[in-house]
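Residue numbering for the sequence shown is 1261 to 1654, as defined by this note's numbering.
Even for Gly, the Cβ is constructed at its ideal location relative to N, Cα and C.
Written out below as structure tokens is the structure these notes cover.
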Amino acid sequence: MDGLARRHRLIGTVAAVAAVTAAAAGCGGSGSDSSNGGKKEYAIGFQGPLSGENQQLGINAYNGVLTAIDEANRNTRLPFTLRIVASDDQGTPEQGPTAAQKLVDNKDVVAVVGPVFSGATKSSEPLFSQAGLLSVSPSATNPQLTDLGFKTFYRVIAPDTVQGSAAANYLAKALKAKRVFSLDDRSDYGTGLSTALEKGLRADAVTVTHDGINPTKDYTSEATKIIADHPDAVYYSGYYAEFALLVKALRGKGYTGKIMAGDGANDDQFIAQAGAATAEGTLLTCACGDANSDPKAARFVSQFKDVNSGAKPGTYSGEAYDATEAIISVLTNEGTKATRTSVRDDFRSVNIPGVTKQIRFDGRGEVQGSTVYVYEVRNGHRVVLGPTDQLTKP
């Protein structure tokens, strides 16, 4: 079976990814299926933005889940098969509960990968927690998420206390910035990252100007405000669609200082939407490496391309794959007797080698051990400059 055919089998529909959610939530049932040799079948849920302006980050993660499920289904030694049930939350806190409820109501779903964005995670987790349904986010980085009493929440990416501190260190020590304009999109993600960034900058004796602006289609007036502050660097805490517009406005106004953003903007769609020439030289931070340039991830990259019609892994693809692999490791240990309760309870002891890092958790659901990387746009491509701890060495 070729990659495209396997992809269709996994999602149970031949619709495009953006349309999966319309069909997937009601697909099939657990138990045996003649199409999979009579084996037990489990469903793993996915929640994230599969539509909307920043949907690519959700699609990246979805495709990572799909890759892990495909790999498991080709393992004939497993006594079960898997399928994905996707629920689109458009990356917004308003849509999060509705998307989460669809997964909670589907009794075949034994665990969820996601949500992807912090705002949707914050609004969705009360439902997962109440239902006792494990959710493992590949990408929700707001620091408060593990302090809100959610009983079933884990994440395989470091919180923004880690990314913000590392980004501040890079700005102060590698770029020698003395004055930074910190702008966020007022989302749970953006405010969490900007708060951590600004704390780190002030600790490094960098002068900081803070502002927040809701996503808009015109950043001209904001660019004028930024330039009037004469910053050495601008750091945006938000997503790629808005960052592209902000960079266009800053370039259009003649700003020549450094322009940076966090992981929410770290996607090739930023370059596509800003234009390669406009994006040239911009910097991005992420508590995630690039699987495509990591020799240790070559097998994952090859499998990902095979399953996803030649597409390369993007930001959060590796993390979503690792989150799914962690869930599969629990199912493998439990065999055909897994339940939501047993998967939730056994997940806390997961300790497996992942594509992105060793996947093990502390008592709060935080993954242990993370590295923050800096990317730069060069000739229309995101290039990994290296880990911040190496880039800031004297």
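- By the neighbour-count criterion, in which 16 or more other beta carbons inside 10 Å mark a residue as buried, D1582 falls on the buried side.
- Sequence-distant Cβ neighbours of V1644 in its own chain, meaning closer than 8 angstroms and more than five residues away, are G1549, D1550, S1553, Y1633, V1634 and Y1635.
- The beta carbon of A1598 lies closer than 7 angstroms to those of Y1302, V1370 and L1591 in the same chain, with the five residues before and after it left out.
- Distance check between A1391 and each of S1397, A1360, G1498 and D1420 places A1360 closest, using alpha-carbon atoms only.
- Pairwise C-beta distances place the region 1603-1623 out of contact with the region 1507-1527, as fewer than three of them are shorter than 8 angstroms.
- Residue R1511 holds the alpha-carbon nearest to the alpha-carbon of A1536 among R1511, G1522, T1545 and N1320.
- In this structure S1497 is not in contact with G1541, their Cβ atoms being roughly 19 angstroms apart against a cut-off of 8 angstroms.
- The beta carbons of T1538 and Q1423 sit no closer together than 8 angstroms.
- The beta carbon of G1324 sits closer than 6 angstroms to the beta carbons of S1577, A1580 and Y1581 from its chain, once the five residues preceding and following it are set aside; these are given in chain order.
- At least 8 angstroms separates the beta-carbon of T1469 from that of D1445.
- Its chain contains G1392 as the residues whose beta carbon lies nearer than 8 angstroms to that of T1601, once the 5 sequence neighbours on both sides are disregarded; these appear in chain order.
- Taking C-alpha positions only, N1366 is separated from N1593 by approximately 23 angstroms.
- D1492 and P1573 have their C-alpha atoms spaced approximately 33 angstroms apart.
- In the three-state reduction of the DSSP assignment, N1333 falls in the helix class.
- In terms of CA proximity to L1338, S1589 leads the group V1416, A1434, G1625 and S1589.
- Burial check for D1420: the Cβ neighbour count within 10 Å reaches 16 or more, so the residue is buried.
- Cβ contact annotation for S1383 (same chain, cutoff 6 angstroms, sequence separation greater than five): P1353, G1356 and P1357, in chain order.
- If you keep only unbroken alpha helix (DSSP H) runs of at least 4 residues inside the region 1394-1480, you get 1420-1429 and 1448-1463.
- Just so you know, the alpha carbons of S1425 and P1398 end up roughly 20 angstroms apart.
- Sorting N1429, Y1414, G1472 and L1387 by C-alpha distance to the C-alpha of V1627 places Y1414 at the top.
- N1639 and G1646 have their C-alpha atoms roughly 18 angstroms apart.
- Separation of I1619 and A1547 (C-alpha to C-alpha, rounded to the nearest whole angstrom) is 14 angstroms.
- Inter-residue distance for S1395 and V1373 is about 6 angstroms (C-alpha atoms, whole angstroms).
- Using a Cβ-Cβ distance cut-off of 8 angstroms, the region 1499-1510 and the region 1469-1486 are in contact, since at least three pairs of beta carbons, one from each stretch, lie closer than that value.
- Scanning K1556, A1400, K1565 and F1621 for the CA closest to the CA of A1586 turns up F1621.
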